[in-house]
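A short worksheet on the structure shown next.
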DNA sequence: CCGTCTGGGTACTGTCCAGTGTAGTACCGA
DNA sequence: TCGGTACTACACTGGACAGTACCCAGACGG
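Written as structure tokens, this is what we have:
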């Protein structure tokens, strides 16, 4: 499988390769990283990502992470200054996925002619992306810890859901400029489209967990109905 | 102030008066409650509600609660079997507010003639209610703890946001029956209306906290634009 | 005035956990 | 062969915190 296309049960995690927190003294030594370090770090990140998403931040101990990564606790602390840094590094790494998705969204709508068809495709894709189990867990995790990590939550929101809205607004403005839609306020239009399609599902899933994700047929209907309402309001007279 | 109308900075809390967890042996003794007990219990509930909403479940210790309630820890445990029970009792007590609100919503839309005006009023009220700081904190608190208390989260969602949707669906169906709206699927229509109006704000607030609540003028615009889109899709031809 | 009963206060126990210190081991390049 | 570096195992510290044992005070009946 293509390592750049995330599957339902995984998230791409990009963690900075330089060990943070010891840049004070290191004179940029050997740039061929020790394979032992790479191996340990990858195992730790993978284990921690899974555990954080399954149990949350507080209910995951560093001992748990070390155990699942088959690594000693000391090694965890050799690679990450503390539990908080490990957490934030992972979360910010994960948002890379969302950023890429936002860019694709905008591009897909750039120069279409069949507005209705394109919006239906976009809605389906958006809904599918947002209801992927790991994405659901990530949303819940971050909002759950937004009290402990307010900056992180803001950053995630800015980079992921917000960026999707902004990209969508740009695309809709483009369609408006070509006379294919009537878009007085692109930002508002993007929000309307997005939440017509994913709003109700997102809300339910936030409280009931990924088990509450509707079946595929219902997702299809949600996308269709949402776009239909959007078009009846935003189609030029 | 009327004790049944919640203000911005408070939530009505209804907690069962019988001490839970000792019903096994008590043969329904004196029903004139000891005033000391009533006083303690009220202080504990108030303190715990505030602390849970401010800091969350894990970051609030029973010692903190006892201190703010100006009561000993022992007294807390005399009135509530454990921290979990205290938490769930409080959360379920708070949902009483939301339940009442849902009923009012449905009633307000029952037999209006000016559909547009009524929907605008409803949208304004819904948005105002959902962005009240304490409501925002409650949403975040419950979804944050939905991993630890899945049943509680489900119950809250069923009683509060879900009940609003159901009531709204009923009201819209009524308007549809009178030919004032075209409502093929009342449930879907209710979701569309609700999330057109509150979706984007709800999402932002979930990550950025109650500080991200838009100013009154923007709330007004959100309600107006959302209803406008809804009407252009659901007005009979 | 006395015994008893109940709620409340203080001090404690047991546990969990983040983070550290240390001593030893495997591997790698010179 | 030697020195350096990362990893392991393990014990340990310090602190937080849920829940409890035990005693005191005051109300109430006799």
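Chains as they are written, first to last, in this note's numbering: chain A, 1101 to 1337; chain B, 1101 to 1337. All residues carry an ideal CB built from backbone N, CA and C; glycine is no exception.
Starting from the C-beta of residue i, find all residues in its chain whose C-beta is less than 6 Å away, skip the five residues before and the five after it, and write them out in chain order.
{"i": "residue 1259 (chain B)", "result": "1195, 1199"}
{"i": "residue 1180 (chain A)", "result": "1186"}
{"i": "residue 1267 (chain B)", "result": "1202, 1205, 1206"}
{"i": "residue 1212 (chain A)", "result": "1218"}
{"i": "residue 1269 (chain B)", "result": "1286, 1287, 1290"}
Between the Cα of residue i and the Cα atoms of the options, which residue gives the shortest distance?
{"i": "residue 1143 (chain A)", "options": "A:1186, A:1328, A:1319, A:1217", "result": "A:1186"}
{"i": "residue 1254 (chain A)", "options": "B:1311, B:1246, B:1286, B:1230", "result": "B:1311"}
{"i": "residue 1265 (chain B)", "options": "B:1204, B:1247, B:1333", "result": "B:1204"}
{"i": "residue 1230 (chain B)", "options": "B:1171, B:1282, B:1219, B:1297", "result": "B:1297"}
{"i": "residue 1232 (chain A)", "options": "A:1322, A:1150, A:1149, A:1305", "result": "A:1305"}
{"i": "residue 1223 (chain A)", "options": "A:1133, A:1202, A:1241", "result": "A:1202"}
{"i": "residue 1315 (chain B)", "options": "B:1227, B:1279, B:1182, B:1148", "result": "B:1227"}
{"i": "residue 1192 (chain A)", "options": "A:1278, A:1241, A:1294, A:1324", "result": "A:1241"}
{"i": "residue 1154 (chain A)", "options": "A:1140, A:1244, A:1173, A:1184", "result": "A:1244"}
{"i": "residue 1321 (chain B)", "options": "B:1225, B:1175, B:1171", "result": "B:1225"}
{"i": "residue 1234 (chain B)", "options": "B:1286, B:1309, B:1273, B:1209", "result": "B:1309"}
{"i": "residue 1325 (chain A)", "options": "B:1248, B:1284, B:1221", "result": "B:1284"}
{"i": "residue 1138 (chain A)", "options": "A:1160, A:1178, A:1151, A:1156", "result": "A:1178"}
{"i": "residue 1299 (chain B)", "options": "B:1160, B:1276, B:1323", "result": "B:1323"}
{"i": "residue 1171 (chain B)", "options": "B:1147, B:1184, B:1182, B:1158", "result": "B:1147"}
{"i": "residue 1278 (chain A)", "options": "A:1184, A:1214, A:1251, A:1303", "result": "A:1214"}
{"i": "residue 1062 (chain A)", "options": "A:1313, A:1292, A:1160, A:1184", "result": "Only positions 1101 to 1337 of chain A appear in the structure, and residue 1062 (chain A) is not among them; the question remains open."}
{"i": "residue 1301 (chain B)", "options": "A:1159, A:1301, A:1292", "result": "A:1292"}
Kindly say whether residue i, judged by its beta-carbon, lies nearer than 9 Å to any beta-carbon of chain B.
{"i": "residue 1190 (chain A)", "result": "no"}
{"i": "residue 1328 (chain A)", "result": "yes"}
{"i": "residue 1296 (chain A)", "result": "yes"}
{"i": "residue 1314 (chain A)", "result": "no"}
{"i": "residue 1302 (chain A)", "result": "yes"}
{"i": "residue 1299 (chain A)", "result": "yes"}
{"i": "residue 1262 (chain A)", "result": "yes"}
{"i": "residue 1342 (chain A)", "result": "Because chain A in this structure spans residues 1101 to 1337, residue 1342 (chain A) falls outside the shown range and cannot be described."}
{"i": "residue 1250 (chain A)", "result": "yes"}
{"i": "residue 1256 (chain A)", "result": "yes"}
{"i": "residue 1199 (chain A)", "result": "no"}
{"i": "residue 1224 (chain A)", "result": "no"}
{"i": "residue 1177 (chain A)", "result": "no"}
{"i": "residue 1291 (chain A)", "result": "yes"}
{"i": "residue 1229 (chain A)", "result": "no"}
{"i": "residue 1325 (chain A)", "result": "yes"}
{"i": "residue 1163 (chain A)", "result": "no"}
{"i": "residue 1155 (chain A)", "result": "yes"}
{"i": "residue 1121 (chain A)", "result": "Low local confidence applies: a pLDDT of 36 at residue 1121 (chain A) is under 50, so the model's placement there is unreliable, and no value is given."}
{"i": "residue 1117 (chain A)", "result": "In this prediction, residue 1117 (chain A) scores a pLDDT of 41, lower than 50, which makes its location untrustworthy; the coordinate-derived value is nonetheless stated afterwards. Not an interface residue."}
{"i": "residue 1273 (chain A)", "result": "no"}
Among the residues of its own chain, which have a CB less than 8 Å from the CB of residue i, if the five just before and after it don't count?
{"i": "residue 1216 (chain A)", "result": "1327, 1331"}
{"i": "residue 1126 (chain B)", "result": "For residue 1126 (chain B), the pLDDT reaches just 35, beneath the cut-off of 50, and the residue's location in the model is therefore unreliable, leaving the point undetermined."}
{"i": "residue 1221 (chain A)", "result": "1208"}
{"i": "residue 1176 (chain A)", "result": "1144, 1162, 1165, 1166, 1169, 1186"}
{"i": "residue 1263 (chain A)", "result": "1198, 1199, 1202"}
{"i": "residue 1248 (chain A)", "result": "1157"}
Return the chain-ordered list of same chain residues with a C-beta closer than 7 Å to the C-beta of residue i, the five sequence neighbours on each side being excluded.
{"i": "residue 1246 (chain B)", "result": "1253"}
{"i": "residue 1135 (chain A)", "result": "none"}
{"i": "residue 1122 (chain A)", "result": "With a pLDDT of 35 at residue 1122 (chain A), under the threshold of 50, the modelled position of that residue is not reliable, and no figure is offered here."}
{"i": "residue 1163 (chain A)", "result": "1173"}
{"i": "residue 1274 (chain B)", "result": "1210"}
{"i": "residue 1256 (chain A)", "result": "1191, 1195, 1242"}
{"i": "residue 1334 (chain B)", "result": "1281, 1282, 1283, 1289"}
{"i": "residue 1237 (chain B)", "result": "1153, 1310"}
{"i": "residue 1272 (chain B)", "result": "1281, 1283, 1286, 1289, 1290"}
Kindly say whether residue i, judged by its beta-carbon, lies nearer than 9 Å to any beta-carbon of chain A.
{"i": "residue 1147 (chain B)", "result": "no"}
{"i": "residue 1320 (chain B)", "result": "no"}
{"i": "residue 1220 (chain B)", "result": "no"}
{"i": "residue 1308 (chain B)", "result": "yes"}
{"i": "residue 1214 (chain B)", "result": "no"}
{"i": "residue 1242 (chain B)", "result": "yes"}
{"i": "residue 1265 (chain B)", "result": "yes"}
{"i": "residue 1281 (chain B)", "result": "no"}
{"i": "residue 1158 (chain B)", "result": "yes"}
{"i": "residue 1247 (chain B)", "result": "yes"}
{"i": "residue 1285 (chain B)", "result": "yes"}
Segments assigned alpha helix (DSSP H), at least 4 residues, entirely inside the region 1183-1215 of chain A: Runs of the alpha helix (DSSP H) inside the region 1183-1215 of chain A: 1183-1208.
Can you give, in chain order, each stretch of the alpha helix (DSSP H) that sits fully within the region 1268-1301 of chain B and has at least 4 residues? Runs of the alpha helix (DSSP H) inside the region 1268-1301 of chain B: none found.
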